[in-house]
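In the numbering used here, the protein residues as written are 1 to 136. First comes the structure, then the notes that go with it.
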Amino acid sequence: MDAIFTLDQIKQIAVELWNEGKTRNIWAFHAEMGAGKTTLIHAVCEVLGVTTSINSPTFSIINEYNSAEAGIIYHMDWFRLKDEIEAMNAGVDDSIISQHLCLIEWPEKASGLLPDETFHLYITTVDENTRKLVTN
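Below you can see the structure in the form of structure tokens.
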């Protein structure tokens, strides 16, 4: 996917992302601070039927949601992690091998834990209201 979108188009982008990436359990969201990783993950979770509060797990590292469409979803924020050892101590490796959907912010903090089949999403800021999304 290669798309340019605004916030009012994010639900449609989330639907398209799910259609493209639903066969992969690990989604790695690459973007600078403030580019919209959490906002896009929130939209994906809403599309998947999550009804509980969806927010960035900056301090808890991992949030768990239940989805009518995807089952258990782990939302991880690795920003505060120093390295892969600290990530493993936080339990992220258990989530990754769980076969549940894992949506990961700041994946570069422990990239060695990501399997080869990870769905990578790259978000860049076009302007204050517009983002570009590229996946592979």
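For every residue, glycine included, the Cβ atom is placed at its ideal position computed from N, Cα and C.
Sub-8 Å separation of residue i and residue j beta-carbons
i      : j      : result
TRP27  : CYS102 : yes
ASN66  : VAL50  : yes
ILE13  : LEU113 : no
THR124 : ALA43  : no
ILE10  : THR39  : yes
TRP74  : HIS100 : As written in the sequence, residue 74 is Tyr, which differs from the Trp given in the question. Taking 8 Å as the Cβ cut-off, TYR74 and HIS100 qualify as a contacting pair.
GLU105 : SER56  : yes
Residue i versus residue j: straight-line alpha-carbon distance, rounded
i      : j     : result
ILE4   : GLY21 : 18 Å
TRP78  : THR58 : 7 Å
HIS120 : ILE96 : 14 Å
ILE85  : ILE72 : 25 Å
ASN129 : ALA31 : 15 Å
For residue i, the three-state DSSP class (helix, strand or coil)
i      : result
LYS183 : As displayed, the chain neither begins before 1 nor continues past 136, which places residue 183 out of reach and without an answer.
LEU133 : strand
LEU121 : strand
For residue i, the first and last residue of its enclosing beta strand (DSSP E)
i      : result
SER95  : Unbroken run through SER95 is the alpha helix (DSSP H), 92-96; no beta strand (DSSP E).
TRP106 : Looking at the DSSP string, TRP106 is not in any beta strand (DSSP E), and its letter there is neither H nor E.
GLY71  : 71-77
Outcome for residue i when other beta-carbon atoms lying within 10 angstroms are tallied against a minimum of 16
i     : result
ALA68 : exposed
LYS82 : exposed
Host alpha helix (DSSP H) of residue i (start-end)
i      : result
LEU113 : Segment: none, LEU113 is in no alpha helix (DSSP H) and carries neither H nor E.
HIS100 : Note, HIS100: premise wrong, no alpha helix (DSSP H); not H, not E.
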